[in-house]
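With the UniProt record's numbering, the residue at position 69 of the sequence shown is 69, and numbering never jumps.
Reading through the structure tokens given below for one structure.
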Amino acid sequence: MGRIHSIETMGLVDGPGIRVVVFFQGCRLRCAFCHNPDTWKLDAGEDISAEQLLEKVERYRVYFEKSGGGVTCSGGDPLMQPEFLIEFLKLCRENGINTIVDTSGFGKGNYKEILKYTDLVMLDIKHIDDAGYKELTGGNIQEFYDFLKEVNNSNAKLWIRHVMVPGVTDNYECMDKIVHIIENSVKSNKLEKFEILPYHTMGVNKYEKLGVEYRFKGVKPMDKKRALEFQKYVVEKINKNKSITI
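Structure, rendered in structure tokens:
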């Protein structure tokens with residue numbers, strides 16, 4: 001049995017095509033900009049078996065098959081429930097369903113086995129150095145690199161994403177460091193896409209309901225056009241590297 005927070009049945013921004021997005025309970029990070037704090041606790045949410053979850057996903061097969069979509073395991077962080085995640089991913093593979101794991105790379109191990117049944121990994125770069133990572137998330141950036149190494153050694157393709165927050169990483173120095181991370185830590189022909197997600201405030205009300213302090217109170221949403229300019233800058237710099245092309 002696993003624990004899930006919710007299911008989004010017609011996801012359009014969580015990977016290619018129309019996708020069923022399963023939000024798993026549990027996350028070890030406490031990102032200042034997180035818009036799903038209600039997924040942090042591992043012991044919350046709905047109990048469900050891998051077979052029951054597959055049944056829910058199968059109802060929407062006609063939509064994701066026609067669009068080249070599938071199922072995206074998000075959260076929280078799905079890596080926090082490795083045994084349940086593996087069982088569910090295996091069932092998806094057996095039934096011809098494309099799978100994505102949307103993660104920060106912080107879980108409870110067994111990554112090699114998880115990645116055997118994962119078609120695509122969407123991996124978040126939260127910050128560009130250890131000090132910034134700890135301040136922003138409470139985690140150690142080395143765990144990000146450890147998981148990325150496992151992705152490099154797998155057959156899964158990779159998208160790298162970065163949530164850009166005004167006043168934190170919205171500058172070209174940080175973008176150059178992200179380029180450096182990608183060029184030095186991502187195996188050639190592995191990366192399919194780099195994407196900047198503009199910071200937003202749509203989850204702030206959840207903090208109030210949970211009685212949790214929102215650390216970015218007063219920070220305005222990231223301008224989408226500006227974020228797209230930074231994304232284009234990173235992609236162009238990466239594409240100059242002959243071994244990596246997006």
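Built from N, CA and C at the ideal position, the CB exists for glycine as well.
Can you tell me whether residue i is buried or exposed, with buried defined as 16 or more other CB within 10 angstroms of its CB?
i	result
Val-62	exposed
His-180	exposed
Arg-19	buried
Gln-231	buried
Leu-79	buried
Looking at the structure shown, is residue i part of a helix, part of a strand, or coil, going by DSSP?
i	result
Lys-134	helix
Arg-3	strand
Leu-158	strand
Ser-185	helix
Asp-38	helix
Val-204	helix
Measure from the alpha carbon of residue i to the alpha carbon of each residue in the options, then state which is nearest.
i	options	result
Glu-195	Val-151, Pro-16, Thr-9	Pro-16
Thr-169	Met-80, Gly-203, Ile-128, Glu-55	Ile-128
Val-234	Gly-211, Arg-215, Phe-216, Ile-182	Ile-182
Val-101	Trp-159, Met-10, Ala-32	Trp-159
Phe-84	Asn-95, Asn-110, Glu-94, Ser-67	Asn-110
Which same chain residues, not among the five before or five after residue i, have their C-beta less than 7 angstroms away from its C-beta?
i	result
Pro-221	Pro-198, Tyr-199, His-200, Thr-201
Ala-32	Leu-136, Arg-215, Phe-216
Taking residue i as part of the alpha helix (DSSP H), name the residues at either end of that continuous run.
i	result
Ser-67	61–67
Phe-84	82–94
Lys-116	111–116
Asp-146	141–152
Counting only the same chain and skipping the five closest in sequence on each side, list residues whose C-beta sits under 8 angstroms from that of residue i.
i	result
Ile-4	Val-22, Phe-23, Phe-24, Gln-25, Gly-45, Glu-46, Ile-48, Leu-53
Gly-139	Arg-28, Leu-29, Ser-104, Phe-106, Lys-126, Tyr-133
Name the two residues that bound the continuous beta strand (DSSP E) containing residue i.
i	result
Arg-19	19–24
Phe-194	191–198
If I measure Cβ to Cβ from residue i and keep anything under 6 angstroms in the same chain, skipping five residues before and after, which residues do I get?
i	result
Met-1	Asp-47, Ser-49
Lys-187	Asn-152
Ile-141	Asp-130, Tyr-133
Val-121	Val-101, Val-151, Ala-156, Leu-158
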